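To start, the structure under review is shown below, and the notes come after it.
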Amino acid sequence: MNMLCLPVGPLQANCYLVWDDERRACCVDPGGEPDRVAATLAGESLALQAILVTHGHFDHLEGVAGLALATDARVYCSGAVLPVLKGTQGCAATGFPIPEVPADSITLVAGGETIKVGDLSVTVIATPGHTPGDLTYDIDRSLFCGDLLFHGSVGRTDFPGGDHEQLLASVSRLVEGYPPSTRVYPGHMEATTLAAELAHNPFLAGLRRHG
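Pasting the structure below:
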């Protein structure tokens, strides 16, 4: 697995380009600047096959429509995000609309599916809490988790649909299902590991007590 992180948009959310040795790629959370993301793909000679959306906040999907139009890549998201991408509902948290994505470009996933991107195997995991429709993508045993878990913190749950206990339960399922050395690539800030967060993240103290 090869990976490049591009902080994009006004909140500098992490947009990830991940590709195999044949340069077939997926993009996790193009939250803005689709022209820049497309230019990076071209500069790296990458063929984008899939756009993976973790949740329906604007800083994670503002650039989906532009990137899909530029590349013809398939868009994968949860059902909760579909009205936002289709333009029939504003983004969660802000209520503002984003550029509309054609419905025939979208594939709905809910958790448990496997997406093939060249030689990469992407497993979809339902991880609600930050929003009801949050997804984490396991790409070759690395976790791309959006705003579920951060270095030293967790995602906010004070937006509509957020649920702190549900978020911690989602993190707990990842901890139970993956080895401590598993790399975690969050939607903001630097990458981390499950072991580092279990050891030092104050929001996971309950998991340490019961682990």
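Quick note: the sequence shown uses this note's numbering, first residue 2, plus one each step. C-beta: ideal position from N, C-alpha, C; glycine also. Keep in mind the model is a prediction, meaning the values are calculated, not measured.
Annotation: Ala40 to Val85 spans about 25 Å, alpha carbon to alpha carbon. For Ser106, no alpha helix (DSSP H) encloses it, and the DSSP letter there is neither H nor E. In the DSSP assignment, Pro8 forms a beta bridge with Asn15.
A distance of 9 Å or more separates the beta carbons of Leu53 and Asp21. When secondary structure is reduced to three states using DSSP, Pro84 falls in the helix class. CA-to-CA, the gap between Ala111 and Ser46 works out to about 31 Å. Taking C-beta separations shorter than 6 Å and ignoring five residues to either side along the sequence, the partners of Met190 in its chain run Phe151 and His152, following chain order.
DSSP, read as helix, strand or coil, puts Phe59 in helix. Bounds of the beta strand (DSSP E) holding Gly147 are Ser143 to Gly147. Around the beta carbon of Ala200, fewer than 16 other beta carbons sit within 10 angstroms, so the residue counts as exposed. Close CB contacts of Tyr186 within its chain, under the 8 Å cut and outside five residues either way in sequence, are with Met4, Cys6, Asn15, Tyr17, Val29, Ser143, Leu144, Phe145, Cys146 and Ala192 (chain order). Residue environment for Ala206: exposed (fewer than 16 other C-beta atoms within 10 angstroms of its C-beta). Across the set Gly32, Asp141, Lys87 and Gly178, the C-alpha of Asp141 shows the shortest separation from the C-alpha of Asp120.
Going by C-alpha positions, Leu49 is about 9 Å away from Ala69. With contacts defined as CB atoms closer than 9 Å, Leu169 and Leu208 qualify as a contacting pair.
Here the alpha carbons of Val155 and Pro203 stand approximately 9 Å from one another. For Ala71, the uninterrupted alpha helix (DSSP H) segment begins and ends at Val65 to Thr72. The criterion of a C-beta distance shorter than 9 Å is not satisfied by Leu136 and Val118. Residue range Arg25 to Val29 is occupied by the beta strand (DSSP E) that includes Ala26.
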